[in-house]
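Asker: Below: one structure in structure tokens.
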Amino acid sequence: KNQVEQSPQSLIILEGKNCTLQCNYTVSPFSNLRWYKQDTGRGPVSLTIMTFSENTKSNGRYTATLDADTKQSSLHITASQLSDSASYICVVSPGNNRLAFGKGNQVVVIP
Amino acid sequence: DVKVTQSSRYLVKRTGEKVFLECVQDMDHENMFWYRQDPGLGLRLIYFSYDVKMKEKGDIPEGYSVSREKKERFSLILESASTNQTSMYLCASSLGASGFYEQYFGPGTRLTVT
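Chains as they are written, first to last, in our numbering: chain A, 1149 to 1259; chain B, 24 to 137.
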């Protein structure tokens, strides 16, 4: 069964600090991995997408990494801002319409 | 920019009522999706459609049906709403198969069934 596990489930960080979110997956076959940001009460918005051959992708202060051999990905947030408070969802595609979603990392940034 | 809109942000219905959730996308996307999102469970696929009048069951289709009469519109129908269908419902669309094309999500409809 295709599964995506994210850790930590939730974390609190001080404004201006960095943090790293983890994603492990067992999806097969593998097509690509995406990170989405979901603000409270809103729909998810795409941050990055990486295929098998890519091992890092940046979007402003967000940097995603992918190790396809160990089936792990991380999302690094640099110099966090209050607006980074959200749920970050790791999504893995086996190459069809049935995406595998993680349960999300809930990040709270405090001043 | 791709825009996916949903007919209601918040909806309160009574048990046994027939409920329609509407989703419209403005980018001529082929594929449209309905998910529900519950705390601790993440997003789960209810149904998706890859063409007008074409649909396919997702992981949790029981108690739901869908309709796609026009390319830009995808409706989710709860034939007889039950309290366990209280949830956040998210619509999404993609240009082609989501394995290769990004899914764009709507703002969600928070449905409460009492």
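Here a beta-carbon is modelled for each residue, glycine too, at the ideal position from N, C-alpha and C.
Quick check: the Cα distance between residue 43 (chain B) and residue 120 (chain B), rounded to an integer number of angstroms?
Answerer: Taking the straight line joining both Cα atoms gives about 25 Å.
Asker: Assign residue 65 (chain B) to one of two classes, buried (16 or more other C-beta atoms within 10 Å of its C-beta) or exposed (fewer than that).
Answerer: buried
Asker: Using a Cβ-Cβ cut-off of 8 Å, state whether residue 63 (chain B) counts as contacting chain A.
Answerer: Taking Cβ atoms only, chain A reaches closer than 8 Å to residue 63 (chain B), which makes this a yes.
Asker: Based on the DSSP secondary-structure assignment, which residues constitute the bridge partners of residue 1184 (chain A)?
Answerer: A:1194 and A:1237
Asker: Might you give, ordered along the chain, the residues of its own chain that have their beta carbon closer than 7 Å to the beta carbon of residue 1196 (chain A), omitting 5 neighbours on each side?
Answerer: 1182, 1183, 1205, 1207, 1210 and 1212
Asker: Output yes if chain B places a C-beta closer than 8 Å to the C-beta of residue 1200 (chain A); else output no.
Answerer: Cβ-Cβ to chain B under 8 Å: no for residue 1200 (chain A).
Asker: Spell out whether any CB of chain A is found under 8 Å from the CB atom of residue 54 (chain B).
Answerer: yes
Asker: Cβ of residue 117 (chain B) versus every heavy atom of the ligand MN: is any distance shorter than 7 Å?
Answerer: Only the bare structure without any ligand can be found here, which leaves the ligand MN out of the picture.
Asker: Which residues in the same chain as residue 1160 (chain A) place their Cβ atom closer than 7 Å to its Cβ, once the five residues preceding and following it in sequence are excluded?
Answerer: So the list reads 1256 and 1258, once near-sequence residues are dropped.
Asker: Can you tell me the Cβ-Cβ gap for residue 1151 (chain A) and residue 1238 (chain A), rounded? I've got them flagged as a contact below 8 Å.
Answerer: Not confirmed; about 11 Å, so no contact.
Asker: What distance in whole Å lies between the Cβ atoms of residue 1192 (chain A) and residue 1242 (chain A), which are believed to be in contact at a cut-off of 8 Å?
Answerer: Incorrect: roughly 19 Å between the Cβ atoms, too far for contact.
Asker: Just to make sure I have the definition right: I need the residues of chain A whose C-beta is within less than 7 Å of the C-beta of residue 121 (chain B). Which are they?
Answerer: 1241, 1245 and 1247
Asker: Give me, in chain order, the residues of the same chain whose beta-carbon lies closer than 6 Å to that of residue 96 (chain B); leave out the 5 immediate sequence neighbours on both sides.
Answerer: 47
Asker: I think residue 86 (chain B) touches residue 105 (chain B), with their Cβ atoms under 8 Å apart; what is that distance to the nearest whole Å?
Answerer: 7 Å
Asker: Cβ closer than 9 Å: which chain A residues qualify as neighbours of residue 45 (chain B)?
Answerer: Those within 9 Å of residue 45 (chain B) in chain A number zero; the least Cβ separation is about 15 Å.
Asker: Assuming residue 27 (chain B) and residue 127 (chain B) form a contact by the criterion Cβ under 8 Å, report the distance between their Cβ atoms to the nearest whole angstrom.
Answerer: 5 Å
Asker: Using CA coordinates, which residue listed in B:89, B:93 and B:77 is at the minimum distance from residue 99 (chain B)?
Answerer: Per the Cα distances, B:89.
Asker: How big is the Cα-Cα spacing for residue 1222 (chain A) and residue 37 (chain B)?
Answerer: 42 Å
Asker: State the DSSP-derived secondary structure class of residue 1231 (chain A), mapped to helix, strand or coil.
Answerer: helix
Asker: So, with DSSP's three-state summary, where would you put residue 1244 (chain A)?
Answerer: coil
Asker: Using only the alpha-carbon positions, how far apart do residue 81 (chain B) and residue 68 (chain B) sit?
Answerer: Those two C-alpha atoms are separated by around 5 Å.
Asker: Round the Cβ separation of residue 53 (chain B) and residue 118 (chain B) to the nearest angstrom and send it over; I've been treating them as touching at under 8 Å.
Answerer: Right, the Cβ-Cβ distance comes to about 6 Å (below 8 Å), so this counts as a contact.
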